[in-house]
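These notes concern the structure reproduced below.
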Amino acid sequence: MQKPLLLGNPPSFGHPTRELFALDEKYINLNHGSFGSVPRYVTAAANALDAVVESNPDRFVRLEYEPALTRTRERLARMIGAEPDECVLVPNVALAMNTVLHNIPWAAGDTIIITNLAYDSILRGVQHICDTFPHPKLSCFDINLPQTNTEILEGWRRHLRALKESDAHSTVLPGTKSKIVATFDSITAGPAIILPWREMVAICKEEGVLSIVDAAHSLGQETEIRLDIAQPDFWISSCTKWLYAKRACAVLYVPKRHQAMIKSALPTSAHHPSPTTGEVGTFVMRFFFPGTLDVTIPLSVNDALDFREWLGGEEKINEYCHRLAIDGGKRLAEVMGTAVLAGPEEQLANMVNVELPLPSSLRPSIPIYFQLQRLLLDKYHTYATQFYHNGKWYTRVSAQIFNEVSDFEKLGSAWLDVCREVLVQADGSKV
Numbered sequence: 001m002q003k004p005l006l007l008g009n010p011p012s013f014g015h016p017t018r019e020l021f022a023l024d025e026k027y028i029n030l031n032h033g034s035f036g037s038v039p040r041y042v043t044a045a046a047n048a049l050d051a052v053v054e055s056n057p058d059r060f061v062r063l064e065y066e067p068a069l070t071r072t073r074e075r076l077a078r079m080i081g082a083e084p085d086e087c088v089l090v091p092n093v094a095l096a097m098n099t100v101l102h103n104i105p106w107a108a109g110d111t112i113i114i115t116n117l118a119y120d121s122i123l124r125g126v127q128h129i130c131d132t133f134p135h136p137k138l139s140c141f142d143i144n145l146p147q148t149n150t151e152i153l154e155g156w157r158r159h160l161r162a163l164k165e166s167d168a169h170s171t172v173l174p175g176t177k178s179k180i181v182a183t184f185d186s187i188t189a190g191p192a193i194i195l196p197w198r199e200m201v202a203i204c205k206e207e208g209v210l211s212i213v214d215a216a217h218s219l220g221q222e223t224e225i226r227l228d229i230a231q232p233d234f235w236i237s238s239c240t241k242w243l244y245a246k247r248a249c250a251v252l253y254v255p256k257r258h259q260a261m262i263k264s265a266l267p268t269s270a271h272h273p274s275p276t277t278g279e280v281g282t283f284v285m286r287f288f289f290p291g292t293l294d295v296t297i298p299l300s301v302n303d304a305l306d307f308r309e310w311l312g313g314e315e316k317i318n319e320y321c322h323r324l325a326i327d328g329g330k331r332l333a334e335v336m337g338t339a340v341l342a343g344p345e346e347q348l349a350n351m352v353n354v355e356l357p358l359p360s361s362l363r364p365s366i367p368i369y370f371q372l373q374r375l376l377l378d379k380y381h382t383y384a385t386q387f388y389h390n391g392k393w394y395t396r397v398s399a400q401i402f403n404e405v406s407d408f409e410k411l412g413s414a415w416l417d418v419c420r421e422v423l424v425q426a427d428g429s430k431v
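Residues in the sequence shown are numbered consecutively from 1, following UniProt numbering.
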């Protein structure tokens with residue numbers, strides 16, 4: 001099986017590009033931000049590579065995989081403004097976050113900061129660290145939208161300084177100094193906004209706080225990442241959500257100044273250098289082979305980047321998706337008779353938050369979420385995620401190159417029916 005070719009000019013963005021993806025013709029996908037959508041080209045290229053692997057697994061895994069993976073890392077590194085040996089590929093963002101958290105040498109009196117907008121699996125991972133010895137403290141920084149970037153940054157600095165002041169008066173072991181580690185998003189999942197993460201990193205540096213940036217939504221939405229300028233202490237992004245790679249793959253960036261802190265990958269790889277034997281290893285090799293895996297997944301990043309270049313490049317893709325998020329969000333709010341979550345346009349990437357016609361008295365619960373999801377997917381053949389924030393229900397809608405404003409209109413009609421049905425059932429359950 002030969003790798004497919006990208007021939008001719010791509011179709012115009014909007015519904016003509018649906019043919020480039022394997023989406024069911026009845027399904028309107030407005031939730032690209034959760035799981036991504038793999039282009040047919042990337043799937044076909046991965047299948048062709050899989051045929052090569054299966055023709056001689058030993059040769060490929062033992063001789064060809066490492067140089068192919070190195071080329072992929074080099075390409076990603078150029079994209080994010082990093083050195084290739086500061087980047088490794090791992091299965092997903094949560095695993096990368098846990099890898100960093102479990103390698104930090106925690107001590108009594110340390111503090112981990114997380115925001116109220118953190119993704120649930122990241123929050124649980126942080127909570128697990130705090131639940132285990134030596135029990136670092138958990139501190140939550142609240143961001144209740146709408147807020148301007150200036151308000152967020154002023155609150156961020158106040159929060160860090162208050163923690164430092166508190167730690168100065170706390171009891172720690174003599175001769176030791178407690179550390180503060182901050183985890184925060186570059187683009188939050190729900191509500192979906194671009195946080196001023198570069199400025200938050202800078203404030204962390206000024207205040208002596210380690211920064212871990214959950215940039216799950218950045219690759220494919222942010223075009224000028226430039227980690228060489230921002231210089232976070234750790235940075236993690238998904239290659240699956242917006243970049244078009246196969247599920248699931250993420251990049252973990254650890255600058256050279258912190259690589260000695262990462263003693264082991266999770267799980268520990270076959271190339272782990274034990275200090276008891278005097279072995280010397282590199283940061284990259286610690287992550288090279290964590291065990292048997294589908295090697296076509298991390299290597300599909302190359303094909304995804306080829307596909308994006310064929311489409312016209314990062315600027316063209318994001319210009320379309322960003323404009324559609326703005327226009328589609330306004331139209332969706334009109335259809336539902338609600339409003340777009342207010343905020344400066346600089347906080348908007350390719351996802352938009354629109355209020356749902358549900359009362360604040362309807363509190364979020366697993367049964368309510370399941371009902372909303374089941375009705376949208378099974379009855380109306382569309383999907384956009386939903387969340388409850390600051391006393392209101394919202395839907396987060398992802399704009400992708402295969403979407404048009406009419407998709408937002410159909411979603412609005414579906415949401416009106418779904419919300420009515422959920423409210424009828426909720427009222428009936430009170431009888």
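The beta carbon of each residue, even a glycine, is placed where N, CA and C say it ideally should be. As the structure is a computational prediction, the values presented were derived from the model and not from experiment.
query	result
Three-way DSSP call (helix, strand, coil) for E355 in this model	strand
P39 vs F307 beta-carbon contact at 7 Å	yes
Which of helix, strand or coil DSSP assigns to L123	helix
Nearest residue (CA-CA) to A162, options C140, P146, L63	C140
Any non-hydrogen atom of the ligand FMN within 6 Å of F408 CB	You won't find the ligand FMN in this model; it holds no ligand whatsoever.
Close beta carbons around T188, own chain, < 7 Å, minus the five adjacent residues each side	L117, L195
CA nearest to the CA of Q231, picked from H389, E86, S413	E86
Assigned secondary structure, A77 (DSSP; H/G/I helix, E/B strand, else coil)	helix
Contacts around E19, its chain only, beta-carbon distance under 6 Å, and the 5 residues preceding and following it disregarded	none
C-beta atoms of K246 and I297 nearer than 7 Å	yes
Nearest neighbour of R198, chosen from A265, A215, P191 [CA to CA]	A215
Per-residue burial, S365 [other beta carbons within 10 Å of its own, 16 or more giving buried]	exposed
Straight-line Cα distance separating L372 from L76	37 Å
Collapsed DSSP secondary structure at A51 in the structure displayed	helix
Outcome for I229 when other beta-carbon atoms lying within 10 angstroms are tallied against a minimum of 16	exposed
Cβ-based burial, R73 [other Cβ within 10 Å; buried from 16]	buried
Residue from R62, L95, G190 whose Cα sits closest to the Cα of W393	G190
Beta carbon of A325 nearer than 7 Å to that of N350	yes
DSSP state of W156 mapped onto helix, strand, coil	helix
For Y320, the first and last residue of its enclosing alpha helix (DSSP H)	314 to 336
Closest Cα partner of E404 within the set G14, G8, L6	G14
Straight-line Cα distance separating D427 from P359	12 Å
Where V172 falls: helix, strand or coil (DSSP)	Unreliable positioning characterises V172 in this predicted model, as indicated by a pLDDT of 47, which lies under 50. A coordinate reading is not provided.
Contact set for V335: own chain, Cβ-Cβ below 6 Å, skip 5 residues either direction	E409, G412
Nearest-angstrom Cα separation, counted from P105 out to V172	With a pLDDT of 47 at V172, under the threshold of 50, the modelled position of this residue cannot be trusted; read the value that follows with caution. The alpha-carbon atoms of V172 and P105 are separated by roughly 15 Å.
N- and C-terminal bounds of the alpha helix (DSSP H) containing V284	283 to 286
Neighbour-count burial assignment, K256, 16 or more Cβ in a 10 Å radius	exposed
CB contact flag (F402, F21, <7 Å)	yes
The stretch 56 to 72 touching the stretch 282 to 302, judged by at least three CB pairs closer than 8 Å	yes
CB contact flag (F35, T115, <7 Å)	no
Local conformation of I225 per DSSP, three classes	coil
Beta-carbon contacts of S269 that lie in its chain and below 8 Å, excluding the five residues immediately before and after	M285, R286, F287, F288, F289, P290, G291
H389 - DSSP class collapsed to helix/strand/coil	strand
Beta-carbon proximity of L311 to P10, cut-off 7 Å	yes
Local Cβ density within 10 Å of N98, reported as buried at 16 or more and exposed below that	buried
Three-state secondary structure assigned by DSSP to W197	helix
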